[in-house]
Amino acid sequence: MPPISTQLFGFNITSFSSLQQLTDYCLENPAIYVSLNAEALYHESKELTDVVNKNIGYCDGIGAVFAVNLLNRQKIRKTPGCELWLSVLNKLKSEKIALIGAEYSTLEIVKKNIGADYPNVDIAYSHDGFFQNKEKVLNEIVQAHPKFVFVALGQPKQEQLCMELQRHLPDATFFPIGGSFDVYAGKVNRAPKWLIKLHLEWLYRLIKDPKRWRRQLVLPMFLFKTITHKLKIN
């Protein structure tokens, strides 16, 4: 079954039936693959909307999945970005990749783990997320000419960097993946699988880091926004 396109709060969202389907699509269609959660959809940033609507946005977060299911009556699957990039790496056959983001020590662990887990992958370029001269980094990435670029800088900084790189590397595929390097390096733990299955990963993050409560306030506000929008269109 081909992916389904839908629109939600100004974002064009592409829905995939499985992680495997999205992975295969990424390998065949160069673009920037932007993960969308309730926070991103709630704020409706024009900058982020422009990136998504010129590329591919997919649902990473139960809030986004709920909204698409409710408003568009489509049963879609949540696809975490921290799973997608590893699924893509698992499919690569000696292609060049670039890694940008996280602290230097974390990035070194990521590179070591990739070398062990995906020995066919060629890490053509890497840089931590703390750099002063962006133009220098951009030039170095372009010269390395990677086929797949993984950027872990957080929204919207990572999407902005991907857009700049895309102008010079139109045939490359880009993945803005937030804190995925920290997870892969073992610096941050994901929720237990049973909590993930219950769609309570957000609660686990809040318990582990109570300072996130301000960000988590967006969830009930997004729920209210979604239901209000549903009532208006009925």
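Under the working numbering, think of the first position of the sequence shown as 0, with each following residue one higher.
No residue lacks a Cβ here, since even glycine has one placed at the ideal position from N, Cα and C.
As the structure is a prediction and not an experimental result, all values here were calculated from the model.
Taking the Cα of residue 165 as reference, the smallest distance to any Cα among 48, 46, 54 is reached at 54. When secondary structure is reduced to three states using DSSP, residue 226 falls in the helix class. The residues 180, 183, 184, in chain order, have a CB closer than 6 Å to that of residue 109 in the same chain once the five nearest residues on each side in sequence are set aside. Straight across, the Cα-Cα distance linking residue 91 with residue 153 is about 25 Å. Taking C-beta atoms as the reference points, residue 12 and residue 41 fail to come closer than 8 Å.
By the beta-carbon neighbour count (other beta carbons within 10 angstroms, threshold 16), residue 142 is exposed. The continuous beta strand (DSSP E) containing residue 3 extends over residues 3 to 7.
Shown here for residue 47: same chain residues with a beta carbon closer than 7 Å to its own, the five before and five after excluded, namely 39, 154, 155, 158 in chain order. Rounded to the nearest whole angstrom, the CA to CA distance from residue 121 to residue 88 is 10 Å. Distance from residue 52 to residue 10 at the Cβ level is roughly 7 Å; contact confirmed, criterion being Cβ atoms closer than 8 Å.
No Cβ-Cβ contact shorter than 8 Å links residue 34 with residue 76.
When C-alpha distances from residue 25 are compared across 146, 124, 106, 114, the shortest belongs to 146. Between residue 106 and residue 14, the alpha-carbon positions lie close to 31 Å from each other.
At least 8 Å separates the beta-carbon of residue 140 from that of residue 117. Residue 138 sits exposed, since fewer than 16 C-beta atoms from the chains shown fall within 10 Å of its C-beta. DSSP places residue 48 in the uninterrupted alpha helix (DSSP H) bounded by 45 to 52. Across the set 144, 131, 70, 169, the C-alpha of 70 shows the shortest separation from the C-alpha of residue 231. DSSP, read as helix, strand or coil, puts residue 148 in strand.
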